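Okay, so here's the structure we're looking at.
Residue numbers (this note's numbering): 1080 to 1541.
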């Protein structure tokens, strides 16, 4: 049949030829394989970095500072500060890679192309950022790395009208592998560019294909633990849990609004340092470490890192919170949430790179724990945590469908209707509030930005 005509709109081209559609699916499979390999390589590099920074390096610094509890805290701050310094140096000499706002913007312009030339800087900066304890995860860097692979393949094949679809395939492959939820990951990639649900429907099946292939490759190469969250007891989708879910959705929306306020204020405060990349990133690393040492280790509320593995710690800490008394527990939970909000702000506004999906889940988890304690257990802990986790994330990212599916998958529960009720409630209550202002409808025609949007651009545009 020959090469597909690049002048035909993407939504139409493959509708009339199953052979040509197979070309696109073949490309999606290739992206999935490449994405799975790249995600696995990134995972192992990250594990090596974490083991080094928080093993020999942290131990050596602790011993140098005296070896006691105070020394451990000082060593922690030293590691995060050193990490921030390294990030600043990388930004100075390799350039500043785009953030989620830039990725979303690029989906809507230049046929949805992500610049593969930003991948080296994004890889280096994000690995150091996450290793140093920054409150941002691997999902956004992987979206850039593997999404740009899809764009590159589209350019090489000269499928100009389908570069966006192949970019989505790369994004879906990244999120499918990282989340361990290929269906949810693919839908998240398609939802995130918009404020009111996915609109690039022609990319759905190719993106799902890439996500499942990538997930399979990741399973073979990494053997990740599953499920990420384990809960004792799961309520049925009856009237009371459903009503609770809607109330929890509203509570999560309020937490998200507070987060967005703090996030913007930190951005405004750090704006004066934007031209001083090394100083800004170093200060951000110091701030992240300083916030972390304010929370006692025994409370299961570690505000370092991207919080993927801290979610189970929050759930397992129920006995500890009950032992110290509800009043003290609520104070520490509130402080941990505020510290995490500030840590996310310093991470992303300070030049460190990563995604905030799991950090947002952490905010929801501690909120859910607080609600469970306040209600004396009337709202079960699985319902309280999962519903508020989804609600906070949905309010910020505008992804109600994928967030529901991802959390249902990660928790290995049958609570999809309950989590979905909280997600939709939060989505509707925050419909007029947007953090990522580059999210828009697909028919909007906006000139390409002359430079990479920063978080300051995002907040200033409002």
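No residue lacks a Cβ here, since even glycine has one placed at the ideal position from N, Cα and C. On a predicted model such as this, the values are computed, not experimentally measured, just so you know.
query                                                                                                                   : result
Three-state secondary structure (DSSP) of residue 1174                                                                  : coil
Where residue 1115 sits in the DSSP three-state scheme                                                                  : helix
CB contact flag (residue 1363, residue 1163, <9 Å)                                                                      : yes
Cβ contact (3+ pairs, closer than 8 Å) linking the segment 1333-1347 and the segment 1133-1145                          : no
Range of the contiguous alpha helix (DSSP H) that encloses residue 1342                                                 : 1318-1349
Enclosing alpha helix (DSSP H) for residue 1491 [first to last residue]                                                 : Counting along the chain, residue 1491 falls outside any alpha helix (DSSP H), and DSSP gives it neither H nor E.
Contact under 9 Å by Cβ, residue 1289 with residue 1229                                                                 : yes
Same chain, Cβ closer than 6 Å to residue 1537, neighbours up to 5 away in sequence not counted                         : Bear in mind that the predicted position of residue 1537 carries a pLDDT of just 46, short of 50, making it unreliable; the figure below should be weighed with that in mind. 1180, 1516, listed in sequence order.
Unbroken alpha helix (DSSP H) run spanning residue 1223, endpoints                                                      : 1218-1236
Three-way DSSP call (helix, strand, coil) for residue 1434 in this model                                                : strand
Where residue 1254 falls: helix, strand or coil (DSSP)                                                                  : helix
Contact the segment 1505-1512 vs the segment 1490-1497: 3+ CB pairs below 8 Å                                           : no
Residue nearest to residue 1219 in terms of C-alpha spacing, selected from 1432, 1501, 1463                             : 1432
Own chain partners of residue 1526 with C-beta closer than 7 Å, once the 5 adjacent residues on each side are dropped   : Note on residue 1526: pLDDT 43, under 50, position unreliable in the model; the coordinate value appears next. Counting only Cβ-Cβ distances below 7 Å, and skipping sequence neighbours, we find nothing.
Candidates 1102, 1303, 1420, 1500: closest to residue 1370 by CA position                                               : 1420
Environment of residue 1126 [buried if 16+ CB atoms lie within 10 Å]                                                    : exposed
CA-to-CA distance, residue 1392 to residue 1484, given in whole angstroms                                               : 22 Å
Residue 1133 in three-state terms, based on DSSP                                                                        : helix
Under the three-state DSSP convention, the category residue 1101 falls into                                             : helix
Local conformation of residue 1261 per DSSP, three classes                                                              : helix
Nearest residue (CA-CA) to residue 1314, options 1367, 1415, 1465, 1440                                                 : 1465
Between the CA atoms of residue 1223 and residue 1417 - distance to the nearest angstrom                                : 29 Å
beta-carbon residue 1298 near the ligand ATP non-hydrogen atom, thresh 8 Å                                              : Because no ligand of any kind appears in the structure shown, any question about the ligand ATP cannot be addressed here.
Run of the alpha helix (DSSP H) containing residue 1294, from where it starts to where it stops                         : 1283-1301
Spatial neighbours of residue 1460 in its chain, beta-carbon cut-off 6 Å, leaving aside the 5 residues before and after : 1451
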